[in-house]
Amino acid sequence: MRSYLLAFSLLLLCLMFAGCTSASSTKHIPDELSGQLTLTGSSTIAPLATEIAMRFEQQHPNVRIDVQTGGSGKGIADVRQRVTDIGMASRPLASDEADLTAHQIAADGVGLIVHASNPVKELTPDQIIAIYTDKINNWKDVGGEDKEITVVHKAEGRATLEVFLGHFVIDNPSVKGDVIVGENEHAVKTVAGIKGAIGYVSIGTAEADIESGVLIRLLPLDGVAANTANVASGTFPMSRPLNLVTADSGSKLAGKFIQFCQSADVHDLVKSQYFVPITSESEIAK
Amino acid sequence: MRSDRTLTIVTRTLAVISAAIVVLVVGFLLRESTPALRQIGVSRFFTDASWHPRSGEFNLTPMIVATLVTSLGAIVVAAPMGIASAVFVNFYASRRLAAWHRTLIELLAGIPSVVFGLWGLVVLAPIVATFGGSGQNLFTATIVLGLMVLPTVALLSDAAIAALPREWIQGAAALGIGRSAIVGWIVLPGARRGIGSGIVLALTRALGETMAVLMLAGNIVEMPSSLLSPGRTLNANIALELGYASVGHRSVLFVSGLMLMLVVSAIIFLVSRQRGTRRDR
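Okay, structure coming up:
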């Protein structure tokens with residue numbers, strides 16, 4: 093399990109950093125970055141931030157970056173109290189958080205998928221809610237074939253589940269799933285194996301799988317096609333920004349790290365976590 | 056004399072370490088789950104309406120049932136095949152065929168559980184789905200779990216049968232008893248204990264298997280009404296939710312780990328007690 097491994101490697105990393113706080117910075121080379129950065133917040137962003145931090149540390153051996161989770165709320169609170177250098181928030185900043193600056197590093201879009209042979213072209217939000225709360229049980233009720241709907245749902249706490257429930261304003265206990273899966277890849281394999289299935293996954297994962305010939309199809313939402321381009325541009329409705337948050341007077345090192353997170357150098361890492369890279373500097377959310 | 060003392064020290068130390076690991080793990084589980092047990096209380100893990108840890112519902116009973124059903128079901132699948140395979144290599148196969156068969160069974164033991172899970176998900180589940188439903192249910196999980204623990208039963212039964220005194224079998228054959236009667240009346244009763252430990256070991260392995268079951272069982276937390284209904288095991292529950300769990304949720308997941316430990320201990324306790332009484336006779 094990828095997330096499992098990531099959580100574990102994160103733990104190891106934390107343990108490692110706990111042991112080496114004041115080891116470096118003796119050999120100070122001019123113009124070379126050094127020091128320590130702490131990131132706290134969203135568990136969605138933490139695995140990505142950890143990967144980026146590792147690459148950043150490789151390039152700047154005198155820098156130590158510590159990534160801790162605790163949710164977007166903790167990330168923002170920590171930045172405000174100056175206990176952390178950078179907060180991680182997997183949502184836009186609220187209006188009462190204008191004292192902070194958000195730097196978007198990626199976007200996370202969630203799309204509905206069905207089996208490739210399913211003739212249904214689009215579902216309205218009401219139909220989707222009815223399907224997930226067990227009020228519609230057959231594809232013929234939404235303009236498809238006479239086939240039972242197999243609802244593929246995610247395990248409690250998953251990031252995609254939160255986005256899905258938040259977007260359609262569904263209460264998790266009221267969802268009646270037929271299969272509960274963990275990883276995005278597990279959801280894709282399940283939907284590809286059952287002709288009457290519907291599920292929701294990270295759009296990045298689904299696109300990669302469709303390209304490699306897996307028998308699934310992404311459904312558009314509110315008339316907007318579900319693809320990474322629309323997620324990156326912000327037009328796809330079921331998506332959210334992944335932000336790094338700083339107080340206005342961020343340190344030089346924090347600024348360099350954020351720049352690195354937004355650069356094309358880390359696009360492969362962003363994609364490997366099934367997020368959508370922000371294509372150009374101009375799209376950075378303020 | 057001196058080497059004897061060294062060996063005593065070494066074996067004692069290693070024995071203490073292996074025993075201490077169990078105690079340490081149980082202690083860790085207890086420590087991590089204490090906040091949840093104290094806050095929620097033990098009874099609510101059996102009486103709540105459902106399992107929705109974020110909405111304050113913590114019923115573990117359907118998961119305990121699903122864990123037992125898949126593991127015991129796996130033994131029902133694996134035991135006849137494993138014992139038959141052990142009898143086959145010892146009495147019915149030519150020497151060459153027996154060697155090949157043993158190698159294949161050992162290879163089966165080496166297949167990683169993720170591969171079993173993937174195979175079940177892509178090949179077996181669509182076949183089971185023709186009986187209705189999604190194909191991801193307790194039945195599919197049980198079949199694959201059975202195949203996974205089959206080598207344990209087969210190899211330990213094989214070893215137990217091979218260890219039987221030659222004279223028993225030769226004597227029986229000299230008395231003119233047929234091969235099937237020798238197997239039924241002498242070999243299987245004689246190797247009973249070894250076959251029994253194979254089955255117990257297979258059962259504990261089945262109880263501990265997470266990945267393949269997670270990929271195949273459907274993971275809906277509901278009291279299963281038939282083998283074709285989906286279910287979630289205690290281990291799958293931890294693996295599914297731990298990655299994203301916040302502090303309170305995490306502690307509740309450790310309770311499900313503790314519960315699994317209790318189920319395993321209860322089974323081992325029952326088996327060893329039964330063996331104890333049998334030995335007394």
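Protein chains in written order, with the working numbering: chain A, 93 to 378; chain B, 56 to 336.
Glycine is no exception: its CB is placed at the ideal position from the N, C-alpha and C atoms.
So what's S114/A in DSSP terms, helix, strand or just coil? Reliability fails at S114/A, whose pLDDT of 42 lies under 50, so the model's placement of it is uncertain and no value is given.
List the endpoints of the continuous beta strand (DSSP E) containing P333/A. S331 to A339
In the stretch 87 to 121 of chain B, which residues sit with their C-beta less than 9 Å from some C-beta in chain A, listed in chain order? A104, S105, W106, H107, P108, R109, S110 and E112
Return the CA-CA distance between S327/B and R260/B, expressed in angstroms with no decimal places. 17 Å
Within 8 Å, do at least three Cβ pairs link the stretch 206 to 214 of chain A to the stretch 306 to 316 of chain A? yes
Using a threshold of 8 Å, state whether the C-beta atoms of S294/A and G201/A are closer than that. yes
Whole angstroms is fine: what's the gap from L325/B's alpha carbon to I250/B's? Each residue's CA atom was taken as its position, placing L325/B and I250/B some 17 Å apart.
Own chain, CB closer than 7 Å to P90/B, minus 5 neighbours either side, in chain order: S306
Consider the Cβ of G285/A: report whether some Cβ of chain B lies at a distance smaller than 8 Å. yes
Examine chain A for any beta-carbon lying closer than 8 Å to the beta-carbon of G296/B, and answer yes or no. It is worth fixing the name first, because residue 296/B is Glu in this sequence and not Gly. Chain A, which has a Cβ nearer than 8 Å to the Cβ of E296/B, makes this yes.
Under a three-way DSSP split, which group does S294/A fall into? strand
Candidates L219/B, T61/B and G190/B: closest to I286/A by CA position: G190/B
Got a sec: is the Cβ-Cβ distance from H207/A to anything in chain B below 8 Å? With 8 Å as the cut-off, H207/A does not count as an interface residue toward chain B.
Output, in chain order, the set of chain B residues within a Cβ distance shorter than 7 Å of E248/A. Within chain B, the C-beta atoms nearer than 7 Å to that of E248/A come from H107, P108, R109 and E296, in chain order.
Take every Cβ of the stretch 240 to 250 of chain B, pair it with every Cβ of the stretch 204 to 216 of chain B, and state whether three or more of those distances are shorter than 8 Å. yes
Does chain A have any CB closer than 8 Å to the CB of A180/B? Proximity of A180/B to chain A, defined by a Cβ-Cβ separation below 8 Å, is satisfied.
Which of the residues in the stretch 354 to 370 of chain A, read from start to end, lie with their CB under 7 Å from any CB of chain B? none
Under 8 Å between C-beta atoms of D170/A and G179/A: yes
Length of the line joining the Cα atoms of I323/B and V255/B: 8 Å
If contacts are defined as beta-carbon pairs under 8 Å, then A129/B and N114/B qualify, I think. What distance do you get, rounded to the angstrom? Their Cβ separation, rounded to whole angstroms, is 24 Å, which puts A129/B and N114/B out of contact at 8 Å.
Could you please give me the residues that DSSP links to H245/A through a beta bridge? Residue pairing for H245/A: DSSP places it in a beta bridge opposite I272/A.
Would you please verify whether the beta carbon of N290/B is less than 8 Å from any beta carbon of chain A? no
Between the C-alpha atoms of G342/A and D177/A, what's the straight-line distance to the nearest angstrom? 7 Å
In the stretch 247 to 278 of chain A, which residues sit with their C-beta less than 8 Å from some C-beta in chain B, listed in chain order? A247, E248, G249, R250, A251, D263, N264, P265, G269, D270, V271, I272, V273, G274 and H278
Pull up the DSSP beta-bridge partners for P369/A, would you. A198/A
Give, in chain order, every residue of the stretch 236 to 265 of chain B whose Cβ lies closer than 8 Å to some Cβ of chain A. none
Can you tell me where the beta strand (DSSP E) holding G133/A begins and where it ends? G127 to G133
Three-state class that DSSP yields for I137/A in the structure shown: coil
Between the alpha carbons of A291/B and L315/B, how many angstroms are there, rounded? 11 Å
How should G111/B be labelled, buried or exposed, when 16 other C-beta atoms within 10 angstroms of its C-beta is the threshold for buried? Around the beta carbon of G111/B, a 10 Å sphere encloses fewer than 16 other beta carbons of the protein chains shown; the residue is thus reported as exposed.
Classify H120/A as helix, strand or coil using the three-state DSSP reduction. Summary for H120/A: the model assigns pLDDT 45, below 50, so the residue's position carries little reliability; its value from the coordinates is reported in the next sentence. DSSP places H120/A in the coil class of the three-state scheme, outside both helix and strand.
Residue(s) in a DSSP beta bridge with H304/B: DSSP, once it has assigned bridges, lists no residue as partnering H304/B.
What's the gap between the Cα of L219/B and the Cα of G233/B? If I take the Cα positions, the gap works out to 18 Å.
If the cut is a Cβ gap below 9 Å, which residues of chain A does L269/B touch? M93, V273, G274 and H278
Scan the stretch 148 to 163 of chain B for residues whose Cβ lies nearer than 7 Å to a Cβ of chain A and list them as they occur along the chain. none
Pairs of beta-carbons, one from the stretch 267 to 285 of chain B and one from the stretch 120 to 129 of chain B, closer than 8 Å: are there three or more? They touch, by the three-pair rule.
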